[in-house]
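**Student:** Below is the structure I would like to discuss, written out as structure tokens.
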Amino acid sequence: MTARDFGEALVLGIETSCDETAAAVVRGGREALSNVIASQHDLHAEYRGVVPEIASRAHAERITPIVKRALSDAGVGLPDIAAVAVGNRPGLIGSLLVGVSAAKALAWSMGKPVVGVDHVQCHLIAGLLHRAGSSPTAEAAFPALGLVVSGGHTSLYLVREGFDLQRLGGTIDDAMGEAYDKVAAMLSLPFPGGPVVDRLARGGDDRRFALPVSRGGDKDALNFSFSGLKTAVLYTVRGVPGAREAKPLEMNEASVADVCASFQRAACEAVIRKLSLAHERNPQCRALFTGGGVTANSRLREELLAWGRKRGVDVRLPAMEFCLDNAAMVAAMGHDTLAARGWAGDALTLTARA
Ligand code: KG4
Ligand code: ZN
7 MTARDFGEAL
17 VLGIETSCDE
27 TAAAVVRGGR
37 EALSNVIASQ
47 HDLHAEYRGV
57 VPEIASRAHA
67 ERITPIVKRA
77 LSDAGVGLPD
87 IAAVAVGNRP
97 GLIGSLLVGV
107 SAAKALAWSM
117 GKPVVGVDHV
127 QCHLIAGLLH
137 RAGSSPTAEA
147 AFPALGLVVS
157 GGHTSLYLVR
167 EGFDLQRLGG
177 TIDDAMGEAY
187 DKVAAMLSLP
197 FPGGPVVDRL
207 ARGGDDRRFA
217 LPVSRGGDKD
227 ALNFSFSGLK
237 TAVLYTVRGV
247 PGAREAKPLE
257 MNEASVADVC
267 ASFQRAACEA
277 VIRKLSLAHE
287 RNPQCRALFT
297 GGGVTANSRL
307 REELLAWGRK
317 RGVDVRLPAM
327 EFCLDNAAMV
337 AAMGHDTLAA
347 RGWAGDALTL
357 TARA
């Protein structure tokens, strides 16, 4: 039995792994009929990071209305749903448990299967999703490479049939999105920093500051590192501690834009470098799946597409609404997992794994 044998089945996806409460209805694992995302950014902004206790409380308050919205946006009712999928790993334990409990309760009450899926795998399948009414995305060939770049992850994978992942490497310190958020903080820009840095960088000079392109510790390893780059940005902004000549950067619109652009150039180049190394070591891969919040970045998107054209690799960038944490990707992964198992769900002892 293949993933495509359940072509029309509607799966309700639920995602609560971090600070987005999300629900979506997806047909046949690929066509999103709805994709509702309630972000908690406003609740965490003053702490400049996600506070786990606040996150789980907000998920508990929002999950029921968000699921109802996902059903009504899709124009369907609970009896139309064939299964419930939930991201049950990895993430903040209290947050994950809200989604898992909701998914199990719904599935049990409907007498339908529930399936727990891996959040990282979900980010990689996001590039196969399309909105109802838009043209479907062609399936990509396996084995492929996988790149997840978000606030919590920066990893490279070998992706086999069924989104079976073998990790090739990842960050040895900060995640790429985390570096964006910290650089934004240094420049007194709002949280989350990624979208703002991306926007300001477009008007900046990306060569004004010669920031280091990281080798991820060992130049031959498929790892990333963003903490050196982050420190270099800090010294650029505040001056090098102890250095006689060093003065803090005069902060104005142009210099902030130049820091954003120079940081973004170095961060993107580090990703492309390791991606190239991964492809040289795995030339059998003719496709690249990408996902995670940072794949919404305009420069990274352009560079990834250009990289793919040069190497003859089919690069799958998720549509913008499927880059950040969302439940459509969870429903898609749940669909394929269930289809591969003849639609047998997980036991109701399913739990969350941090
Ligand atoms: O995938 P995601 O929603 O959550 C995690 O699983 O972490 O990613 C959130 C991260 C944040 O760090 C945010 O700053 C970053 O993605 N991000 C961006 C952009 N949009 C979101 N980074 C760079 N450029 C963007 N346009
Ligand atoms: Zn994520």
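Under this note's numbering, the final residue of the sequence shown carries the number 360; numbering is consecutive throughout. Every residue, glycine too, gets a C-beta built ideally from N, C-alpha and C. In this text, all values refer to a predicted model and were calculated from it rather than measured experimentally.
Along the chain, which unbroken stretches of the beta strand (DSSP E) at least 3 residues long are found entirely within the stretch 79–115?
**Tutor:** 89–95
**Student:** Who are the near neighbours of G314 in its chain, counting only those whose CB is closer than 6 angstroms to its CB and skipping five residues on each side?
**Tutor:** V321
**Student:** Looking at the ligand KG4, does it come within less than 6 angstroms of A302, judged from the CB to the closest heavy atom?
**Tutor:** Yes; taking the cut-off as 6 angstroms, the Cβ of A302 has a heavy atom of the ligand KG4 nearer than that.
**Student:** Would you kindly work out how many angstroms separate the C-alpha atoms of A346 and D212, rounded to a whole number?
**Tutor:** 47 angstroms
**Student:** Got a list of residues with beta-carbon closer than 5 angstroms to any non-hydrogen atom of the ligand ZN, in chain order?
**Tutor:** S156 and D331
**Student:** Suppose the cutoff is 6 angstroms on Cβ atoms and the five residues either side in sequence are ignored; what does the same chain contact list for Q254 look like?
**Tutor:** The residue you asked about is not Gln; residue 254 is Pro in the sequence shown. The residues are R244 and G245.
**Student:** The ligand KG4 heavy atoms versus the CB of G158: any closer than 6 angstroms?
**Tutor:** yes
**Student:** Can you give the Cα-Cα distance for P247 and A191, rounded to whole angstroms?
**Tutor:** 19 angstroms
**Student:** Use the C-beta contact count for M257: other C-beta atoms within 10 angstroms, 16 or more gives buried, fewer gives exposed.
**Tutor:** exposed
**Student:** Less than 7 angstroms between the C-beta atoms of V120 and A113, yes or no?
**Tutor:** yes
**Student:** Considering only C-alpha positions, which residue in the set G122, G100, I72 and C128 is nearest to V57?
**Tutor:** For V57, the closest of G122, G100, I72 and C128 by C-alpha to C-alpha distance is G100.
**Student:** Considering Cα atoms alone, identify which of L102, R36, G199 and P289 is closest to A64.
**Tutor:** L102
**Student:** If you drop the 5 nearest sequence neighbours on each side, which residues of the same chain put their C-beta closer than 6 angstroms to that of Y186?
**Tutor:** G199, G200 and V203
**Student:** With a threshold of 16 other CB atoms inside 10 Å of the CB of A61, please say whether the residue is buried or exposed.
**Tutor:** buried
**Student:** Taking just the CA atoms, how far does K225 sit from L193?
**Tutor:** 30 angstroms
**Student:** E26 bridges to which residues according to DSSP?
**Tutor:** S45
**Student:** Anyone know if the C-beta pair for A181 and C266 falls short of 7 angstroms?
**Tutor:** no
**Student:** What is the rounded straight-line gap between the Cα of A108 and the Cα of H50?
**Tutor:** 23 angstroms
**Student:** Among the candidates L283, L135, I87 and K74, whose CA atom is the shortest distance from the CA of V42?
**Tutor:** The residue with the shortest Cα to Cα distance from V42 is K74.
**Student:** Buried or exposed for E21, please, with buried defined as at least 16 other CB atoms from any protein chain shown within 10 angstroms of its CB.
**Tutor:** buried
**Student:** Would Y361 be called buried (16 or more neighbouring beta carbons within 10 Å of its own) or exposed?
**Tutor:** The requested residue 361 is not part of the displayed model; the chain covers only 7 to 360.
**Student:** For C291, which residues in the same chain have their Cβ closer than 6 angstroms to its Cβ, ignoring the five residues on either side in sequence?
**Tutor:** P149, A150 and L151
**Student:** Name the DSSP beta bridge partners of I20, please?
**Tutor:** A29 and V92
**Student:** Hey, quick one: how far does the alpha helix (DSSP H) through Q290 stretch, first residue to last?
**Tutor:** The continuous stretches of alpha helix (DSSP H) do not include Q290, and DSSP gives it neither H nor E.
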